[in-house]
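Protein chains in written order, with the UniProt record's numbering: chain S, 1 to 477; chain L, 1 to 477.
Protein chains: 2
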Amino acid sequence: MTPTTDRLDTFLGAVAATLPDLTITQDPDLLDPWLTDWRGRFTGRACALASPDSTHQLASLVRLCAAHGVPIVPQGGNSGMSGGATPDVSGEALLLSLRKMNRIHAIDSAARRVTCDAGVVLQTLHEAAEAQDLRFPLTLGGKGSATVGGLISTNAGGTQVLRHGSMRALVLGLEAVLADGQVFSMLTPLKKDNRGFDLKQLLIGSEGTLGIVTAATLKLLPAVAERVVIWAGVPSLHAARKLLLHCEESMGDALEGFEVMPSASLDAVIEHLPGARAPLGEPHAWHVLIEVVADRAGAATLRDGCETTLASAFEAELVEDAVMSANETQAEAFWLLRETVAPAERARGPAVQHDISVPVELMPDFVEETAPLIEAKWPGVEAVAFGHLGDGNIHYHVIAPAATDARLWQEGEGKQISRYVHDLVTRWGGSISAEHGIGQLKRAELARLGDPVALSMLHAVKHALDPKGLLNPGKLI
Amino acid sequence: MTPTTDRLDTFLGAVAATLPDLTITQDPDLLDPWLTDWRGRFTGRACALASPDSTHQLASLVRLCAAHGVPIVPQGGNSGMSGGATPDVSGEALLLSLRKMNRIHAIDSAARRVTCDAGVVLQTLHEAAEAQDLRFPLTLGGKGSATVGGLISTNAGGTQVLRHGSMRALVLGLEAVLADGQVFSMLTPLKKDNRGFDLKQLLIGSEGTLGIVTAATLKLLPAVAERVVIWAGVPSLHAARKLLLHCEESMGDALEGFEVMPSASLDAVIEHLPGARAPLGEPHAWHVLIEVVADRAGAATLRDGCETTLASAFEAELVEDAVMSANETQAEAFWLLRETVAPAERARGPAVQHDISVPVELMPDFVEETAPLIEAKWPGVEAVAFGHLGDGNIHYHVIAPAATDARLWQEGEGKQISRYVHDLVTRWGGSISAEHGIGQLKRAELARLGDPVALSMLHAVKHALDPKGLLNPGKLI
């Protein structure tokens, strides 16, 4: 028996003695599905998988981990994009599932908010809100598995950030277990609270490195009463940005989403998606999806507003062509095209993907200037930009030359390209992680390119709140 | 010469040698006006007053302070409510004025944002935005002196928080000088940036204890094109809350402010303000001021919307009486009544004031249950609540019995009452500082009533970022 397994046995013995009701297992069949991230990029090992069913139980477990020096990797739906919920290969960490903590405690429809456990799945939250004629506005592709705790820990974004902000803007109250097992309890939603700097905001987006989110009080909005999705064709990304400004000016708060894709991406979607067809008759260099939404108060005038906005856009020659969804089926069909871009791009062959942001007004120049640089430097590759133009956040994929060995290319040329893209983004004042987080995927790149002052602050705060480094080690910093 | 003055001379000599262009003085005539907070509650001393004119100069000065162990008290307009910008009486601290750093660098009207120095006065910022047909929505009584840096450091609130949030929600980018003189530089406004936990949010509201805010990029909004102010009379605070819900439901995002005052406060205003008269013919137990605002896109339908909302409010018997401002003069006149409550209450005699919040829906019960408790416990006092009901934040004044010695009462019974009010607020899950911050005024109360886990996090982060404790000592924690 090695000293390590000896120590582990002592820890597991203490857990069994102290928390006899805790669900904890070392069975490889139960552990395995959670040791690889959903995209299959990272695989780790864990000494056990624990699934507490209450904050109290979780806090007791963390105290035992702290006493025995056992690192903890918290995990929600395991649908993160950066390997932030996958343990390292040492096998020393305890994998801590939040999925059993999945109660929705209370929806207050008058005050428009919900308090729920960290393990509640986003889709479940959406449905619970809808049942009360309300909605939780944040949504993203992984909504069927992503949990509230994971969304908070990664400050998740998605397609409605333009209007409602990312997760950070929607969290009214928070509960988290800290590295020493103490419970930070600020679930009570106070609209104004200036008792010191904002610890809730500090925990949001900390990727489980400062604390384990166990519950939250979240903002809800009135249900959508009317929705219009506009599909427009424009000659360039600069034209798309001009159209964005026009829509912001003309539609105000009704504007909820502004997504772009180049013609090549739409072609890939049409090819990939059975029965799909282009919304516009003629080809256009760039396509724009505009989501416009109203609650009951604004429903009556929404469609007229969209027509006015489009008419003036045509008049000012801001669009080449455009069509408005006539009903929900059409609106859904437009969104399906947008949501199929990522899988359709993946089907085209191996690629490296970058989730980047720059100030919104710089994005057209950024794409127009950097894509040719990349394509010249690595002949045969293709740089494709699509996504959330309204947030200055695009997903920037660089597709390998035809007939390339995927694994070989991604580890060699692909890595060089990613470094180059991140260099460019940093030079343009942007972020190498707009909405996916750092996790383990971008940890080395953050260390390489992050502002040294910001990095030293991140390290200082991390060390202050988790001096033993037990919370999600190897992630973020 | 004592060792202290010896050390001070060494420090001032180093400053003169290293920063010959820095404005720094020990002249009591120049120092004195800034050593007492505007409400006259706190008076301190300082070894000198320095007024750097650039971040670079300020950072060099802070490095010298760090090297010589000189504490720093940053100060903007000296219009804070909690003594957060007043040095202690030791005379060891350097008073650091940000007022010379008052440049507005750039307003980007298309992107709707402004980058400016920390010393820019709020009123100046308002005017600069208006000149571009834009607005900065945060406003408060001290706008003629409050600076951007002070507003950020205290996460200031005001009357438009209901719709636009407090300062925290309006800061897109931030620059600050840290305790060791390093510059944290995140002025570039990225709508999405997940490179670790949010250091910008950590600095906002830290009252100069973690860093000195030197510049910011702030969010601007389209100018107000149409505004309606409604004055309504309701029978109770519960009725006011019901009216608030009705307005939120019916007016949506057009609702910008929802302020309340009891009849006694309105009476005090009428008595205090020459020429003022009550907006409604009959007396009402509670008065509500509702601000409804639209930019160009929504201007045409705003007034109709208000009429519809009021009509249904009358129908549902949510108001006893109400009147809509017919023009800007009337709107201003209604606001003047609201803004005169604080000075009119002060004129009634000595009082202790509390800036508190509880969840919005609990506020009516809180006031109705606690006011009688206080008035019974201390016969002759009167508890008055007014302010931002829409944010769950009221200013809760307890007025001394008639013919009381102000100073004596405030130091004796007044202090006991404040402790009692803070105990009650804490028991109700609320905050003892909704928008005014902790400063030195509420530091002992925060230590007494704050959640121990939150307090230990505050201390740990403070120690991590300012290990020598040189930034604004004696404030907040």
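Positions of the beta carbon are idealized from the N, C-alpha and C atoms, including for glycine. If you're wondering where the values come from, they're calculated on a predicted model, not measured in any experiment.
Here the alpha carbon of residue 139 of chain L sits roughly 7 Å from the alpha carbon of residue 160 of chain L. Under the Cβ distance rule, residue 317 of chain L does not count among the residues neighbouring chain S, no pair being separated by less than 8 Å. In this structure residue 235 of chain S is exposed. Its beta-carbon is surrounded by fewer than 16 other beta-carbon atoms within 10 angstroms.
Between residue 101 of chain S and residue 214 of chain S, the C-beta spacing is below 8 Å. The beta carbons of residue 252 of chain L and residue 179 of chain S sit no closer together than 8 Å. Among the bridge pairs identified by DSSP, residue 387 of chain S is matched with S:260, S:394. By the neighbour-count definition (other C-beta atoms within 10 Å, threshold 16), residue 338 of chain S is a buried residue.
The beta carbon of residue 236 of chain S sits no closer than 8 Å to any beta carbon of chain L. Taking a C-beta cut-off of 9 Å against chain L, the contacting residues of the segment 276-302 of chain S are 294, 295, 296, 297, 298, 301, listed in chain order. Here residue 406 of chain S carries a helix assignment [DSSP, helix/strand/coil]. Shown here for residue 185 of chain S: same chain residues with a beta carbon closer than 7 Å to its own, the five before and five after excluded, namely 175 in chain order. Contact between the segment 200-207 of chain L and the segment 198-207 of chain S is established, with three or more Cβ pairs separated by less than 8 Å. Under the rule that a run must span 4 or more residues, the alpha helix (DSSP H) segments found entirely inside the segment 288-332 of chain S read 299-315. Under the three-state reduction of DSSP output, residue 101 of chain S falls in the coil class, being neither helix nor strand. Residue 172 of chain S: not part of any alpha helix (DSSP H); member of the beta strand (DSSP E) spanning 171-178, first to last residue. Bridge pairing for residue 231 of chain S: S:289, S:323 [DSSP]. In this structure, S:407 is the residue among S:407, S:242, S:376 with its C-alpha nearest to the C-alpha of residue 349 of chain S. Those residues of the segment 365-399 of chain S placed with their C-beta closer than 9 Å to a C-beta in chain L are 388, 390, 391, 392, 393, ordered along the chain. Within the segment 70-84 of chain S, no residue places its CB atom closer than 8 Å to a CB of chain L. Within the segment 191-206 of chain S, 191, 192, 193, 194, 195, 196, 197, 198, 199, 201, 202, 203, 204, 205, 206 place their CB atoms closer than 8 Å to a CB of chain L, listed in sequence order.
DSSP places residue 400 of chain L outside both helix and strand once states are collapsed to three, so it counts as coil.
Put simply, the CB of residue 432 of chain S is near chain L, with a gap under 8 Å to one of its CB atoms.
Listed as beta-bridge partners of residue 135 of chain S by DSSP are S:221. In chain order, 196, 197, 199 make up the part of chain L whose C-beta sits under 8 Å from the C-beta of residue 458 of chain S.
Between residue 265 of chain L and residue 345 of chain L a beta carbon distance of about 7 Å is seen, short of the 8 Å cut, so the two are scored as contacting. Residue contact with chain L for residue 446 of chain S: present (Cβ-Cβ distance below 8 Å to some residue of chain L).
The three-state secondary structure of residue 111 of chain S, taken from DSSP, is coil. When the alpha-carbon of residue 72 of chain L is set against those of L:53, L:13, L:83, L:97, the nearest one is in L:97. Bounds of the alpha helix (DSSP H) holding residue 62 of chain L are 55-68.
Annotated three-state conformation of residue 82 of chain L is coil, per DSSP.
The Cβ-Cβ distance between residue 431 of chain S and residue 425 of chain S falls below 8 Å.
Listed in chain order, the beta strand (DSSP E) elements of length 3 or more contained wholly in the segment 343-377 of chain L are 351-357. Less than 8 Å separates the beta-carbon of residue 401 of chain L from that of residue 381 of chain L.
Under the 8 Å criterion on CB atoms, residue 329 of chain S is classed as non-interfacial with respect to chain L.
Looking at the backbone, the Cα of residue 24 of chain S and that of residue 85 of chain S are separated by about 18 Å. For residue 75 of chain S, the beta-bridge partners assigned by DSSP are S:97.
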